[in-house]
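Shown next, in structure tokens, is the structure this report addresses.
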Amino acid sequence: MTHDQTQPRDQARQGFDRTSGCGGLTTKDVGREVSLAGWVHRRRDHGGLIFIDLRDRSGLVQLVFNPAKNPEAHRAADGLRSEFVVAARGKVILRDPAQVNPKLPTGEVEVLPSVVEVLNESLTPPIYVAETADTPPVDEPTRLHYRYLDLRRPRMQRNISLRHQVTMAVRTFLDRHGFLEIETPMLTRSTPEGARDYLVPSRVNPGRFYALPQSPQLFKQLLMVSGFERYFQVVRCFRDEDLRADRQPEFTQIDVEMSFVEQEDVLRLMEDLVAEVYEKALGRRLTRPFPRMTWHQAMADYGSDKPDLRLGMKFVDLTEAVRGSGFRVFAEAVAAGGQVKAVVAPGAASFSRKDIDGLGEFVKTHGAKGLAWMAFEAAPAGGGPAGGDQLAEVRSPIAKFFPPEALADLRARLGAGPGDLALFVADQPAVVAAALGALRLELGRRLDLIDRTADRFLWVTDFPMFEFSQEEDRWVAMHHPFTAIRDGDLPLLKSDPGAVRAKAYDLVQNGVELGGGSIRIHRRDVQERVFDALGLTPEEAREKFGFLLEAFEYGTPPHGGIAFGLDRMVMLMAGAETIRDVIAFPKTTSASDLLTGAPSTVSPRQLAELGLAPSRSE
RNA sequence: GGAGACGUGGUGUAGCUGGUCUAACAUAUGUGCCUGUCACGCACAAGAUCGCGGGUUCGAAUCCCGUCGUCUCCGCCA
72 MTHDQTQPRD QARQGFDRTS GCGGLTTKDV GREVSLAGWV HRRRDHGGLI FIDLRDRSGL
132 VQLVFNPAKN PEAHRAADGL RSEFVVAARG KVILRDPAQV NPKLPTGEVE VLPSVVEVLN
192 ESLTPPIYVA ETADTPPVDE PTRLHYRYLD LRRPRMQRNI SLRHQVTMAV RTFLDRHGFL
252 EIETPMLTRS TPEGARDYLV PSRVNPGRFY ALPQSPQLFK QLLMVSGFER YFQVVRCFRD
312 EDLRADRQPE FTQIDVEMSF VEQEDVLRLM EDLVAEVYEK ALGRRLTRPF PRMTWHQAMA
372 DYGSDKPDLR LGMKFVDLTE AVRGSGFRVF AEAVAAGGQV KAVVAPGAAS FSRKDIDGLG
432 EFVKTHGAKG LAWMAFEAAP AGGGPAGGDQ LAEVRSPIAK FFPPEALADL RARLGAGPGD
492 LALFVADQPA VVAAALGALR LELGRRLDLI DRTADRFLWV TDFPMFEFSQ EEDRWVAMHH
552 PFTAIRDGDL PLLKSDPGAV RAKAYDLVQN GVELGGGSIR IHRRDVQERV FDALGLTPEE
612 AREKFGFLLE AFEYGTPPHG GIAFGLDRMV MLMAGAETIR DVIAFPKTTS ASDLLTGAPS
672 TVSPRQLAEL GLAPSRSE
């Protein structure tokens, strides 16, 4: 608000204070004298008449320059080019009915400027800001390098604005429900569990490091100990791991924690939150309540802890049916304690041998050793008197291992009709889940079986508390080590850690993990037992988490919470393919920022001050 | 750490079974013409030595090796 009044530009702008946004002008404004300012979106020069589409954040409006009516303004318009910054004052007039543009919200009116001023010129932009269906999409490195131009595109303006709507709706909802937004440190302590930390050297404490938070997990729990009862934060989190389309090194969480709640309270309230956000930001009503599924069920039926329910193709478990079968691959997998499961791809019996071999290669990248298949060919049209349901034949390299009645039994279990293709994976349960789960999604894409208009939410509950890490040769927390254990599973902690279920839950939307949380341990003795199960000695536990254990001795209320991935949530709402499209300044998959050039080298002096010496430099 | 795809005028692609490729198309840009367009139209022009380095060859955008960058996936991450 405190612009420097001595700036020459401000002087030049005298008399150009904007009266309205371009995109909001309607027939109600006809006759008004308006002052607009914005960017030249497009220029159409008819020799005589010049049309300029003037764009600001609110949208577009057409300016018309008529040399006969206002030669001076027309001359000024002659020099305008794409992305010039312009102020214009003129009268809003009604368009002739024949000249109305129904594609524009402002298409019934136009502005007849009397004065135009170029506030700034622009080079020819390397990005098509005024993109249309036939301007080629600009590739991502260019977009990231000129991000400020990329963000001018209407599509990106919508995404970023949607993101704002979402965070506003979140804050409004949580405020109304008694949550306090409390900031937590960005320079904090490195913790051993979980992702790799981003480290920040301490100048005043040479040789020591802060870590940027992977999440404010411990702080929000401490805030519960402090008695704030309901906390939230829209907070940046950092994880130094390899990136994906939906993973950035820094990302934003909607972080929530509540005291005196059980799992059910959290799920209900958070479901209300998500529903309200959708309603406010997109005007869309969600189907409630969200369905729920245990982790075991999700893994058994979809091979994933975040199943995409827009797609059918549940797994069919054939382990018992093929036990001792003549097909040794199946029989041996079952004998070794493995499983045989299948998915049925509707209408895919027409896949060529080459297509199917390609699918075989695909499952191999997900750990399977191979892919068995049976194509149930449809009988030719108008075939026998039995009608179209008749199978012409079963095309399959493995059919010969099954007698006709076994084949019929398999087909019945698969529920495969004519024209369907069944694909089998036989292996240990984890491999079957990974391979068949990935295959299911791949087939859904290839066969276009995913309903893109649907939003399928799902709560996944009862996650295992631990999973075994081959790499570290010990049990590690699947969620995090502060997660409470389901009532009754506590005795299993020592005897069978793999069977212990946690009070942990994820919210999944369309196969994307939107958020996850848990009820936390609030007693020191229980927390110590979990650390013990994780292989942390009491000394290590005290060294790493002493402050938490200590806090737990001063009256910690039962508490729990959740954190949503804001970037992913907005991505799905915006229909974007990657969270990079809903983050103003994202990084590449190698975690660099193409706009600023970060990360960069620093001067030897900076390093010396920090007491650092690079062991390797480029 | 691993696998794959891509890198050619400002932008996006084609060319890539080696030779009239003296690099094509679209779009953007410039100039001229055009008074109702809105993806304006028409004409003309300018603009790339094909990411970078090396090799094979009489000859490389094209083949090979290396390297850099971007993207997708596995591992990793919740």
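Mapping of the first sequence onto the numbering used here: residues 72 to 689, in sequence order. For glycine and all other residues, C-beta sits at the position ideal for the given N, C-alpha and C.
- Within a 10 Å sphere around the beta-carbon of residue 266 sit fewer than 16 other beta-carbons, which makes this residue exposed.
- With the rule of 3 Cβ pairs closer than 8 angstroms, the stretch 241-258 does not count as touching the stretch 596-603.
- Residue 330 sits in a strand when the DSSP states are folded into three classes.
- Shown here, residue 98 sits in a helix according to DSSP, grouped into three states.
- The C-alpha of residue 211 lies about 18 angstroms from the C-alpha of residue 638.
- For residue 182, the enclosing beta strand (DSSP E) begins and ends at 180-191.
- Restricting attention to beta strand (DSSP E) runs no shorter than 3 residues, the stretch 368-404 encloses none.
- Here residue 303 carries a strand assignment [DSSP, helix/strand/coil].
- Look at the beta carbons and you see the stretch 403-412 not touching the stretch 508-522: under three pairs across the two are nearer than 8 angstroms.
- With 16 or more other CB atoms across the displayed protein chains lying within 10 angstroms of its CB, residue 130 is buried.
- Distance from the Cα of residue 161 is smallest, within the candidate group 583, 494, 188, 283, for 188.
- If you look at residue 589, you'll find it in the beta strand (DSSP E) that goes 583-590.
- For a cut-off of 8 angstroms, the C-beta gap from residue 179 to residue 132 is around 11 angstroms, too long to register as a contact.
- Here DSSP, grouped into helix, strand and coil, assigns residue 315 to strand.
- Excluding its 5 nearest sequence neighbours in each direction, residue 620 has C-beta neighbours in its own chain below 8 angstroms: 595, 598, 599, 612, 613, listed in chain order.
- Counted as a single uninterrupted DSSP element, the alpha helix (DSSP H) harbouring residue 643 occupies residues 637-645.
- Taking 8 angstroms as the cut-off, the beta carbon of residue 385 is found closer than this to the beta carbon of residue 372.
- In the DSSP annotation of this structure, the continuous segment of the beta strand (DSSP E) that includes residue 112 starts and ends at 104-116.
- Taking residue 554 as reference, the option from 127, 289, 220, 450 with the minimal CA-CA separation is 289.
- Here the alpha carbon of residue 379 sits roughly 13 angstroms from the alpha carbon of residue 643.
- A distance below 8 angstroms between beta-carbons, with the five flanking residues on each side excluded, links residue 88 to the following residues of its chain, in chain order: 106.
- If you draw a straight line from the Cα of residue 552 to the Cα of residue 278, it is about 28 angstroms long.
- Within the same chain, Cβ atoms closer than 7 angstroms to the Cβ of residue 199 are found at 206, 209, the five residues on either side in sequence being excluded.
- Taken in chain order, the unbroken stretches of alpha helix (DSSP H) that lie wholly in the stretch 570-635 and span 4 residues or more are 595-604, 609-622.
- Assignment of residue 143 by DSSP, reduced to helix, strand and coil, places it in the helix class.
- Annotated three-state conformation of residue 244 is helix, per DSSP.
- Annotation: the continuous beta strand (DSSP E) that includes residue 532 extends over 528-532.
- For the options 139, 123, 636, the alpha carbon positioned closest to that of residue 150 is the one of 123.
- Non-local beta-carbon contacts of residue 221 in its own chain, meaning distances under 7 angstroms to residues more than five positions away in sequence, involve 198, 214, 227 in chain order.
- One thing to note: residue 576 has its Cβ no nearer than 8 angstroms to the Cβ of residue 285.
- Per the coordinates, the alpha-carbon of residue 239 lies some 45 angstroms from the alpha-carbon of residue 567.
- In the DSSP assignment, residue 448 falls within the beta strand (DSSP E) that extends over 443-449.
- Within its own chain, the residues whose Cβ lies closer than 7 angstroms to the Cβ of residue 411, once the five positions on either side in sequence are excluded, are 389, 390, 393, 401, 404, 405, 495, 497, listed in chain order.
- For residue 136, there is no enclosing alpha helix (DSSP H); the residue is found in the beta strand (DSSP E) stretching over 130-136.
- Apart from sequence neighbours up to five positions away, no residue of its chain approaches residue 118 with a beta-carbon distance below 6 angstroms.
- Note that the C-beta distance between residue 448 and residue 420 is below 8 angstroms.
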